[in-house]
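Right, one structure below, let's go through it.
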Amino acid sequence: MEKKHVVDFVVKCSKDPKVREHYVKDPDGCMKKHGLTPEDRTVLKSGNVEKIKKYLGPEPPLGCFVVVVC
Amino acid sequence: MASGSLTIIGTGYLAAGHLTAESLGYAETAEKLFLLVGDPVTKLWLQSLNSTAEDLHDCYAAGKPRLQSYQEMVECMLAPVRSGQNVVVAFYGHPGVFVYPSHEAIRIARKEGFPARMLPAISAEDCLFADLGIDPAAHGCHSFEATDFLIRKRVFDPRSHLILWQIGAVGVVTYENTSLWSRSGLEILMEELLKYYPGHHEVTIYEASVLPICEPKMERISLEQLSEASVSVVSTLYVPPREKAEPDPEMLQRLNLTLPESGGRPQ
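These protein sequences, in sequence, are chains H and S. Residue numbers for the first sequence follow our numbering, so the first one is 247 and each next one is one higher. Residue numbers for the second sequence follow our numbering, so the first one is 42 and each next one is one higher.
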């Protein structure tokens with residue numbers, strides 16, 4: 247999978263508070279340390295959830311989890 | 042007892058960060074893992090944990106009735122159970138909150154004699170309590186799906202916390218390929234709420250964070266701005282109490298309770 251290194255980095259941020267803290271303080275330094283490319287870094291630094299999700303792979307349509315109640 | 046089994050787990054919201062240790066064990070050791078999650082990170086992470094992982098999203102299709110998709114999911118989940126496999130299904134958030142196929146699959150599996158259970162997980166409401174710093178024990182808390190709240194004229198106490206789900210899909214029963222499904226529905230919701238709260242009452246449009254590198258959405262606006270606000274189908278509306286509820290003196294007396302001089306909890 248082409249973006250596996252980015253997915254692995256995001257998972258590390260979820261599971262390791264030190265990695266997340268490093269990212270908050272120095273996003274570029276942290277991402278460089280984990281092997282992310284300039285393109286990866288630009289997308290992740292945008293903080294735009296939809297943009298990041300699209301970059302990482304196909305995603306379900308936004309409304310597929312809406313529950314119809316009537 | 043038949044040999045197959047069904048266990049439903051929830052991945053919470055934060056990719057790879059909200060799955061409980063108990064659920065993780067089930068996901069890793071399942072003979073067959075199905076998943077229906079909301080972001081590519083969680084999907085790829087679960088696939089790396091268990092090579093049998095299969096996405097249920099293919100059951101959705103444009104123009105297909107939602108109930109038909111749910112029924113197909115239930116059949117997908119149950120087929121390997123009937124073949125004797127220990128099946129685990131991972132849903133986004135809490136698997137029992139705003140999820141129809143999970144409850145239905147458990148009901149049918151049990152009816153057919155298979156062991157079936159649901160494990161608790163982190164729901165969007167749990168994220169909201171943490172991110173907005175709300176304790177439902179203080180003031181009490183009402184939680185309604187927004188369309189249900191309107192069409193059934195749900196009775197609530199405006200002195201309690203009020204949480205309304207799916208505010209971007211009010212009155213819509215079809216699938217729409219847009220971020221906000223109904224601006225007019227949102228306007229009707231605002232009009233109804235204005236019967237109970239002043240226009241300047243501060244409310245919050247909330248969306249839990251799914252990625253650790255992104256912040257949750259917490260947009261604070263006055264209620265009268267709601268119909269023009271930036272809202273999507275995954276947005277939730279939090280309405281804080283309008284005022285504090287005063288204790289009933291008669292009930293205090295019956296329970297032999299007194300209020301401290303400074304107010305606060307009865308003693």
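Using N, Cα and C, we set each Cβ at its ideal position, and we do this for glycine too.
Delimiting residues of the alpha helix (DSSP H) encompassing residue i
| i | result |
| --- | --- |
| residue 129 (chain S) | Looking at the DSSP string, residue 129 (chain S) is not in any alpha helix (DSSP H); the run it does join, the beta strand (DSSP E), is 127–132. |
| residue 234 (chain S) | 224–234 |
| residue 258 (chain S) | First-last for residue 258 (chain S): 258–263, but that is the beta strand (DSSP E), not the alpha helix (DSSP H). |
| residue 89 (chain S) | 81–90 |
| residue 120 (chain S) | 107–123 |
| residue 280 (chain H) | Element bounds for residue 280 (chain H): n/a, residue is neither H nor E. |
Straight-line gap, residue i to residue j (C-alpha atoms, nearest Å)
| i | j | result |
| --- | --- | --- |
| residue 166 (chain S) | residue 182 (chain S) | 11 Å |
| residue 222 (chain S) | residue 294 (chain S) | 51 Å |
| residue 150 (chain S) | residue 101 (chain S) | 22 Å |
| residue 283 (chain H) | residue 276 (chain H) | 12 Å |
| residue 290 (chain H) | residue 252 (chain H) | 9 Å |
| residue 153 (chain S) | residue 260 (chain S) | 47 Å |
| residue 267 (chain S) | residue 224 (chain S) | 10 Å |
| residue 48 (chain S) | residue 158 (chain S) | 5 Å |
| residue 271 (chain H) | residue 61 (chain S) | 28 Å |
| residue 110 (chain S) | residue 281 (chain S) | 36 Å |
| residue 277 (chain S) | residue 140 (chain S) | 16 Å |
For residue i, the first and last residue of its enclosing beta strand (DSSP E)
| i | result |
| --- | --- |
| residue 204 (chain S) | 202–206 |
| residue 76 (chain S) | 73–77 |
| residue 251 (chain S) | Here residue 251 (chain S) belongs to no beta strand (DSSP E), and DSSP marks it neither H nor E. |
| residue 280 (chain S) | 277–280 |
| residue 49 (chain S) | 46–51 |
Option nearest residue i by Cα separation, candidates the options
| i | options | result |
| --- | --- | --- |
| residue 80 (chain S) | H:263, H:261, H:272, H:297 | H:297 |
| residue 85 (chain S) | S:52, S:194, S:258 | S:52 |
| residue 96 (chain S) | S:105, S:118, S:108 | S:118 |
| residue 188 (chain S) | S:130, S:265, S:231, S:124 | S:231 |
| residue 58 (chain S) | S:253, S:281, S:275, S:109 | S:253 |
| residue 236 (chain S) | S:301, S:245, S:270, S:197 | S:197 |
| residue 286 (chain S) | S:246, S:200, S:93 | S:200 |
| residue 264 (chain S) | S:289, S:279, S:288 | S:279 |
| residue 128 (chain S) | S:156, S:249, S:297 | S:156 |
| residue 98 (chain S) | S:89, S:105, S:147, S:78 | S:78 |
| residue 274 (chain H) | H:259, H:261, H:288, H:294 | H:288 |
Residue i vs residue j beta-carbon contact at 8 Å
| i | j | result |
| --- | --- | --- |
| residue 82 (chain S) | residue 302 (chain H) | yes |
| residue 50 (chain S) | residue 142 (chain S) | no |
| residue 91 (chain S) | residue 69 (chain S) | yes |
| residue 174 (chain S) | residue 54 (chain S) | no |
| residue 65 (chain S) | residue 76 (chain S) | no |
| residue 295 (chain H) | residue 56 (chain S) | no |
Cβ-based burial, residue i [other Cβ within 10 Å; buried from 16]
| i | result |
| --- | --- |
| residue 207 (chain S) | buried |
| residue 226 (chain S) | buried |
| residue 281 (chain H) | exposed |
| residue 286 (chain H) | buried |
| residue 192 (chain S) | exposed |
| residue 258 (chain S) | buried |
| residue 114 (chain S) | buried |
| residue 186 (chain S) | buried |
| residue 121 (chain S) | buried |
| residue 179 (chain S) | exposed |
| residue 240 (chain S) | exposed |
| residue 291 (chain S) | exposed |
| residue 248 (chain S) | buried |
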